[in-house]
Every structure is written in C-alpha cells, then in structure tokens.
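Engineer:
Protein chains in written order, with the working numbering: chain A, 1 to 416; chain B, 417 to 889.
1. Using DSSP with H/G/I as helix, E/B as strand and the rest coil, what is residue 636 of chain B?
2. I'd like to confirm the pairing. Which residues does DSSP put opposite residue 663 of chain B in its beta bridges?
3. Would you mind working out which of B/518, B/468 and B/554 sits nearest residue 52 of chain A, comparing C-alpha positions?
4. Assuming residue 575 of chain B and residue 520 of chain B form a contact by the criterion Cβ under 8 Å, report the distance between their Cβ atoms to the nearest whole angstrom.
5. Closest by CA to residue 214 of chain A, which one among A/224, A/76 and A/197?
6. Count the other C-beta atoms from every protein chain shown that fall within 10 angstroms of the C-beta of residue 560 of chain B, then say buried if there are 16 or more, exposed otherwise.
7. Just checking my contact of residue 59 of chain A with residue 302 of chain A at CB under 8 Å: how many whole Å lie between their CB atoms?
8. Taking just the CA atoms, how far does residue 477 of chain B sit from residue 2 of chain A?
9. If we cut at 9 Å on Cβ distances, does residue 80 of chain A have a partner in chain B?
10. Please name the residue, chosen from B/586, B/606, B/447 and B/677, that lies closest to residue 882 of chain B on a Cα-to-Cα basis.
11. Within the stretch 547 to 615 of chain B, note down every full alpha helix (DSSP H) run reaching 4 residues or more, in order along the chain.
12. What would DSSP say about residue 385 of chain A, mapped onto helix, strand or coil?
13. Go ahead and pull the three-state DSSP assignment for residue 155 of chain A.
14. Could you work out which residues of chain B lie near residue 62 of chain A, taking near to mean beta carbons separated by less than 7 Å?
15. Taking only beta carbons into account, state which residues of the stretch 584 to 595 of chain B come closer than 8 Å to chain A, listed in chain order.
16. Can you say whether residue 524 of chain B is buried or exposed, counting buried as having 16 or more other CB atoms within 10 angstroms of its CB?
17. Rounded to whole angstroms, how far is the Cβ of residue 616 of chain B from the Cβ of residue 602 of chain B, which I believe are closer than 8 Å?
18. Does the Cβ-Cβ distance between residue 848 of chain B and residue 752 of chain B come in under 9 Å?
19. Are residue 891 of chain B and residue 786 of chain B closer than 9 Å when you measure CB to CB?
20. Measure the beta-carbon distance from residue 867 of chain B to residue 658 of chain B and round it to whole angstroms, keeping in mind my assumption that it falls under 8 Å.
21. Please list the partners that residue 76 of chain A has in chain B, where partner means a Cβ-to-Cβ separation under 9 Å.
22. Short check: CB of residue 619 of chain B to CB of residue 418 of chain B, under 9 Å?
23. So residue 818 of chain B and residue 840 of chain B are in contact, right, with Cβ under 8 Å, and what is the actual spacing, rounded?
24. I'd like to check one pair, residue 239 of chain A with residue 216 of chain A: are the Cβ atoms closer than 9 Å?
25. In chain order, what residues of the same chain have a beta carbon less than 7 Å from the beta carbon of residue 226 of chain A, not counting five sequence neighbours either side?
26. Locate the beta strand (DSSP E) running through residue 510 of chain B, then write down its first and last residues.
27. Hey, is residue 272 of chain A's beta-carbon within less than 9 Å of any beta-carbon in chain B?
28. Nearest chain B C-beta to residue 65 of chain A closer than 9 Å, yes or no?
29. When the Cα atoms are used, what is the spatial distance from residue 387 of chain A to residue 35 of chain A?
30. Could you check whether the Cβ of residue 433 of chain B sits closer than 9 Å to any Cβ belonging to chain A?
31. Answer yes or no: does any C-beta atom of chain A fall closer than 9 Å to that of residue 687 of chain B?
32. Closest to residue 577 of chain B by C-alpha separation, out of B/707, B/537 and B/833, would be which residue?
33. What residue ranges within the stretch 477 to 507 of chain B form continuous beta strand (DSSP E) runs of no fewer than 3 residues, ordered along the chain?
34. Is there a C-beta anywhere in chain B that falls below 9 Å from the one on residue 486 of chain A?
35. List the endpoints of the continuous alpha helix (DSSP H) containing residue 35 of chain A.
36. Shorter than 9 Å from the beta carbon of residue 119 of chain A to some beta carbon of chain B?
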C-alpha cells in the first residue's frame with residue numbers, strides 16, 4: 001500500500017524488449033528442439049490453479065507458500081482460493097494424474113511462467129523450461145535428466161556448466177536416526193530447506209554413535225564416487241539409512257562421469273520445495289544457478305491418490321538468456337525489403353501489400369513502409385510507370401522492373 | 417505536524433488514561449466525543465484522528481498517519497498478508513490485554529463438517545490463512561467474517577480464530593480453546609518513513625518513557641489438531657431442518673419489526689438484545705444470529721437457507737462474486753437508506769466527473785475511495801472510469817475520512833444530516849437499500865421447501881405493509 005512507483009509497470013514485473021525477446025526465444029527453441037529429439041512431448045497447464053493443490057504437506061514449503069499470489073476468483077464465494085501457478089511441477093503432476101496416467105512412462109516438457117512474491121524490484125514472474133519424466137524409471141531416469149539438462153545448456157553455447165548432485169534421503173535419514181518425531185522432522189526439514197543449517201548442532205547432540213561430524217556431510221562438497229565412498233565409510237555405520245541414498249547417488253555420479261560430465265556432491269541443496277524424495281540436482285553455469293530438479297516419487301500420489309514415481313528439472317529462462325554468447329549467433333536471415341506505395345492511393349497501397357506478400361511467400365522478409373524513415377536491405381517502390389523500382393540500401397542505382405518476377409530475380413540473384 | 421491515529425470503541429478509556437499519564441491528554445477523547453478529529457492539550461503540532469482499530473494499521477502503512485495505537489492482532493493481520501508494508505511495531509503499551517485463540521466446538525457437540533476440508537471462521541482471515549498453511553491442512557476454507565466468529569462452530573465451521581480476553585471467555589461462548597496463537601495487547605505502531613525522517617519525539621518520547629521496547633511478537637501454533645476436528649473435514653452433513661440467519665447490530669430492530677409483522681417471534685431475539693441461538697418456535701426451523709455483512713456468503717455456501725440482511729451487503733457480495741447463487745426473495749421495506757458517493761462539501765463539483773477533474777488538477781495521482789462496501793466501491797470506480805484509484809477498506813468511523821484520508825467515500829445516507837455534520841455532500845446516488853430476505857437459487861424438497869415457502873410468503877406480506885420513508889437519525 002505504499003505509493004505506486006513512477007513507472008506504470010508493476011513492481012517485480014519485467015518487460016522484454018526485442019533483443020531480450022530474441023534471446024528468450026533462442027533458449028525456448030533450443031530447449032524444445034532438444035527435448036523433442038530426446039522423445040519428450042510438450043504440454044501446458046493453466047496459469048490459475050486451486051491453492052489446495054500446493055498446500056498439502058509434501059508439496060511446497062511454508063516459506064514458499066507465504067509468497068504465492070492467492071485470491072478468491074469471481075465465483076469464489078465458497079472461500080476456496082485460487083493461485084497464480086507458483087510452481088510448474090505440481091500442476092504437471094496434476095495434468096498427468098488427470099489425463100495421462102496410463103501406466104506407461106510419460107516424457108513431458110513445457111515452457112511456463114511461475115509467480116512468486118519477492119521484495120523490491122526482484123523478479124516476481126519467472127519463466128521456466130521444465131521436463132518431467134513420469135513412471136518407474138528408477139535412478140536411470142535421474143541420470144537421463146541430468147544428461148538432457150547439460151545437453152540443452154551445451155546446445156545453447158553455454159560453457160563452464162557444472163552439475164551439483166544431492167539426495168533428499170540424506171537429510172531425512174539423519175533426521176529419522178536422530179529420533180525426532182515425524183512432526184519435529186517436518187519442522188526441522190522445513191528449516192533445512194529454508195537454508196537454516198544451525199540445525200546441525202541439535203542433530204549432533206542426539207546422534208551419540210556418530211564417529212564423524214555431520215559437517216562432513218553438510219559442509220564438505222565432494223566430487224565423484226570417492227567422496228561418496230568416504231561418506232559410506234564414516235557415517236553409514238551410525239546411520240544405516242544412508243545406504244540407499246548413497247547407492248543411488250553413486251549410480252548417477254558414475255553415469256555422469258562416464259559421459260564426461262563430472263559433478264559436485266552437496267548434502268543439503270536448500271530449496272523451497274519439499275516434494276523431492278530422491279536424487280536432487282542443480283545446474284550451474286559461470287557459478288550461477290540456472291536450473292535444477294530431482295526425484296519426487298510421492299508427489300503424484302499426494303495430488304491424485306495413486307502414487308507414480310517421477311523426476312524432473314527446470315531451467316530458468318531469465319539467467320540463461322543473459323548467459324547466451326554475445327553477440328547472439330547470427331541467423332541466416334533473409335534480406336529485408338521495404339515496399340513503398342509511390343502515391344497514397346488505395347490501388348497503390350493494395351499493390352504494395354500484395355507485392356510484400358508475394359515476396360514473403362518466396363521466403364523473403366518484406367513489409368510496407370508506414371513512414372518515410374523506414375529502411376531495410378532493399379527498397380521497392382510500387383507505382384504506375386514503371387510498375388516497380390528497386391534500389392539497394394545505400395546505393396543510388398535503381399532498377400526499373402515491369403513485374404514481380406523480375407524483382408524476385410534481382411533479389412534472389414543478389415546474394416544479400 | 418505529527419499525525420496520530422487513536423482507536424474508538426471499548427479500548428478508548430484505557431488508551432485515554434495512558435495518554436494522560438504520558439502527558440498527552442487528548443481533548444474529548446476520554447469523554448467519548450463523537451468528533452473524529454481531536455486536539456492534544458497544549459500540543460498544537462499533534463493532530464489526532466479516531467479510527468476503528470482494524471483500520472489503524474492500514475492508515476499507518478499508507479503513510480496517512482505517523483503513529484497509531486491499536487491491537488497487535490490487527491497489525492499482525494495486515495503484516496501476515498503484506499509483510500513488506502511500511503509499518504513498524506514500536507512497543508507494547510500493556511493495555512487491552514488478551515489473546516488470539518484457535519478454538520473448536522466444545523467436545524460434547526458433534527462436528528458436522530463441510531465435506532471439502534476444514535472451515536476456519538475468523539475476523540482475522542489472513543492470520544487464519546497462515547495458520548492453515550502452518551498446520552499443513554490438506555484442504556481448508558477460511559471464512560472471513562465481520563464478527564460473531566464464536567457463533568459459527570460447530571454447524572458452520574470446525575474451527576474459529578478469535579480474539580478474547582482469556583481462555584475462560586472462549587469457554588463461555590461454548591467453544592474449546594485449542595491454543596493461544598498470539599498474546600495481544602495495544603501496541604504503539606509507526607510508519608517506517610515517518611520514523612526514518614520525521615521528528616516524532618513529542619509523542620514517541622513520552623510514550624516510550626513509560627513503555628520500554630520489547631521483542632517481536634511470537635506466534636504459537638498447535639502441532640496438530642485434535643483427531644475429531646481433522647475427521648470432521650471429511651464428513652458431509654445431511655441436514656433436515658431449515659436454517660434462518662438473523663442480523664445483530666443496527667439491523668436488529670428492523671428485523672424484529674419485520675418478524676413481528678409476519679407474526680413470528682423467536683425468544684432471545686428482541687429489539688434491544690439477542691443471543692446467538694434464539695429459541696425457534698417453529699418445528700424444523702433453526703435460528704442463529706450473526707452479522708448482516710456475513711450473511712450473503714453463508715447463504716451462498718448453503719449454511720443457511722434464509723437470512724435477513726440489508727440489500728447493501730447483498731449487492732456488495734454480488735459485486736465480488738457475480739455468479740453467486742444468492743438473491744433477494746422479499747423486500748422487508750424497513751431500514752431504508754441510500755448508498756451514495758460523497759465528497760468534501762467545499763469541492764467545486766456537482767458530478768463525479770467534475771470531481772475527478774478537480775483532483776487531477778490538484779496533482780493527485782491515485783484517487784482514494786474509502787468504503788465499508790469495498791466491492792461496491794471497486795465496481796463504482798471501474799464503472800465511472802476513475803483511472804488510477806485505490807480502494808481503502810474501512811470498518812467504521814468512515815465519515816471522518818474525507819478530505820484528508822480519502823477523496824471519495826461510498827457510504828450509506830438516511831437523512832443526510834450526519835454527512836452534512838462532517839462537511840460531506842452526496843455527489844451520486846448508487847442504489848437504495850432496505851432490509852430484505854435473501855436465499856440461494858437452489859432446489860429444496862418436501863418439508864423444507866414448504867417451510868421456506870411459508871416463511872418467504874409471510875415476510876413478503878409483512879414487507880409490503882411496512883411503513884415508508886427514512887428513519888430519523
């Protein structure tokens with residue numbers, strides 16, 4: 001309720017100008033093309049969903065829920081709130097449960113925006129390129145997703161990509177072994193997910209058989225199967241529940257290593273989602289997080305009542321479009337022809353538009369000049385006699401032509 | 417100039433005493449003056465305006481006032497939904513002590529359940545929403561009400577979040593307190609910018625001298641709900657009776673008169689007093705007393721089959737929810753008044769278009785439209801193309817808003833005398849309101865249908881014979 005800012009644009013919302021939009025589309029197109037090549041199919045979910053889809057335990061954390069845009073719809077007299085999609089995975093899980101649950105593996109991708117409140121000028125609407133792999137794929141699915149994600153980043157020309165791996169079961173195993181009640185575990189887990197690592201002291205106070213400090217798990221960031229072997233050796237005897245998460249992480253780590261994509265391992269990847277149940281990963285480029293995801297075997301069951309294992313990831317379009325190589329790799333664009341009507345008569349104007357259309361049908365980019373300053377690679381003047389006058393930009397030399405075929409012959413032969 | 421917002425209502429006496437003790441006596445405040453703008457004795461630089469407690473945090477956040485005194489519960493209600501508002505909790509003043517309690521129906525009463533998640537009724541809808549999220553309720557509905565939240569469980573809600581002096585007070589309402597969610601009292605609050613840039617010491621210094629700073633308020637939530645409360649969410653109530661809601665407050669005398677004219681009398685519901693559950697004198701009919709503002713939603717939800725309320729509140733509900741099934745089924749012809757758009761008396765304008773041109777010429781960007789009827793006000797602002805506008809929700813003492821705190825006020829007008837006394841003039845008449853009977857467009861069968869049709873018919877007849885003309889006042 002503070003005074004409105006001077007700009008007419010809402011705080012936390014962004015305009016994309018033509019150059020930024022070109023970068024946005026490049027990310028979207030490369031992502032979609034790569035996903036299709038891998039056999040994934042595109043879906044889209046609505047912008048507005050019921051709030052209760054996101055409030056069930058195991059979906060969004062309380063911290064994230066306090067940032068959603070929820071409101072009563074025009075027919076919301078029953079008090080049931082709706083929300084601007086704060087996350088794209090949960091709606092896709094709903095979409096799968098309602099339309100695609102045939103027992104077969106579903107490979108889905110989407111490009112969608114998500115809305116979350118952020119203070120000040122920080123972005124409140126973010127676009128995500130997301131992938132969901134739904135069905136019983138086991139850890140192989142997690143390995144596939146990390147490889148697909150890195151391939152998209154590579155296809156975008158982004159270098160210095162790093163994968164950070166974790167497993168939601170690591171934190172959960174420690175919490176359960178420390179003897180906290182399910183409610184306390186949920187509260188502590190919320191704190192860890194919200195980035196509060198002071199929880200470690202409380203945990204160590206309860207884990208008496210611990211031979212090595214929990215810092216080894218939570219503060220050291222290892223790489224490769226060597227680090228995982230160290231964790232198995234030092235912590236697994238006191239916390240046997242770590243065995244399964246560590247085994248799953250090993251498979252993903254080694255698959256990535258074999259594929260020439262080394263990764264870093266971090267026990268607590270603090271995220272505001274609590275639906276992850278297995279491997280969790282982040283993609284970093286130039287030291288900046290550009291996406292991430294993980295396994296969420298419980299989520300579809302929470303949404304629909306019938307549990308189906310799944311995993312997925314998202315790439316953030318905003319940071320990625322800023323990381324695209326400069327300048328944007330030039331497309332093999334056709335020359336731009338600006339068509340002018342010699343006189344302002346309806347007949348000449350109609351002929352100008354018809355000529356521009358004919359040029360477009362031959363693969364050129366053409367439009368009718370709406371003011372005298374508009375320029376392109378070529379200028380084509382449509383008049384009575386001669387019917388067509390063609391001039392290259394920056395040249396004084398003009399060509400008088402009697403029909404469009406002649407115009408096209410010059411343009412196609414010019415190589416411009 | 418320091419702008420100070422003080423509360424009207426029950427807390428007035430305690431607040432006046434506290435101010436006097438701090439050497440900030442406000443003329444007429446303790447004596448219950450009906451004026452909305454007051455002065456502090458010997459301190460010309462302090463300007464005082466009275467508000468309902470609920471409105472004070474909003475006015476401080478808007479920057480209309482530098483300092484305010486109000487219940488912590490209303491501050492938290494605003495901050496829970498809008499955490500970045502420009503409002504600072506300065507100190508606990510130690511008066512008007514009590515708590516916000518989460519309560520369920522008493523153990524002896526069966527919980528009906530809505531079939532679609534727990535219903536939480538509260539005047540503090542944002543806090544109730546936050547509470548539902550913290551409890552990780554899988555499905556829930558918050559029923560925001562203007563008041564009388566204690567009347568809803570067990571039939572019309574499973575849980576209530578409500579303010580009370582102590583747990584015992586909650587029990588006297590027939591409810592079981594589950595947890596004190598927040599310890600409340602009156603706090604001194606400040607606008608963040610005022611605190612950062614203006615010298616507020618003539619007021620702040622004196623109050624702080626008596627009340628040193630204390631820590632942040634803490635919310636305390638139950639870890640889990642009692643099993644019978646959680647179970648109630650999945651049980652759908654089958655109801656054989658007809659339920660009628662009757663209004664408390666200003667509309668109560670009109671409703672009693674209409675019922676009497678229709679030959680109906682419910683012991684416990686009289687012109688000058690009412691219990692929440694009056695005795696029904698008709699077989700198969702249940703009667704409950706709630707706030708008239710909350711009735712359209714309750715009827716839409718199906719909690720009540722019939723309700724006596726004002727057309728003003730029905731239209732406010734329909735402006736917000738155009739597809740709601742609620743409609744007027746009988747005009748009871750009483751409590752007649754007009755809903756009007758009003759402006760400051762000295763504004764040289766006779767139409768809202770002229771008024772907007774004046775405000776724009778004065779350099780005002782957002783036109784502030786204050787009203788208790790926020791949905792009517794919002795609709796009016798769009799309909800009249802006000803352009804850049806803000807609707808300021810008001811819970812009472814509304815006639816004092818124009819011209820300092822709002823340009824336009826959408827308000828009820830009976831004789832016009834009260835508006836004139838506050839230097840306001842009506843600029844456009846929106847609609848006429850009378851007490852009416854409302855129902856939902858929903859098929860009823862058998863005995864229930866017969867009973868409803870009988871009541872509608874009797875009240876419609878009583879309405880047709882009602883005396884015409886505005887009440888004096």
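Just so it is clear, CB atoms sit at the ideal spot from N, CA and C, and this is done for glycine as well.
Structural biologist: For this structure:
1. coil
2. B/706
3. B/554
4. 6 Å
5. A/197
6. buried
7. 6 Å
8. Legend: pLDDT at residue 2 of chain A = 46, less than 50; position of this residue unreliable, no value from coordinates given.
9. yes
10. B/677
11. 583 to 588 and 608 to 613
12. coil
13. helix
14. 549 and 550
15. none
16. Per-residue confidence for residue 524 of chain B stands at a pLDDT of 47, beneath the threshold of 50, marking its modelled position as unreliable; no derived number is given.
17. Rounded, the Cβ-Cβ distance is 18 Å, inconsistent with contact.
18. yes
19. There is simply no residue 891 of chain B to check, as chain B begins at 417 and stops at 889 in what is shown.
20. 5 Å
21. 736 and 737
22. yes
23. 6 Å
24. no
25. none
26. Taken as a continuous stretch (DSSP letters only), residue 510 of chain B belongs to no beta strand (DSSP E), as it is neither H nor E.
27. The pLDDT assigned to residue 272 of chain A is 43, lower than 50, so where the model puts this residue is not dependable, and the model offers no usable value.
28. yes
29. 49 Å
30. no
31. no
32. B/537
33. 483 to 487
34. Absent from the model: residue 486 of chain A. The displayed extent of chain A is 1 to 416, so no value can be given.
35. 18 to 37
36. yes
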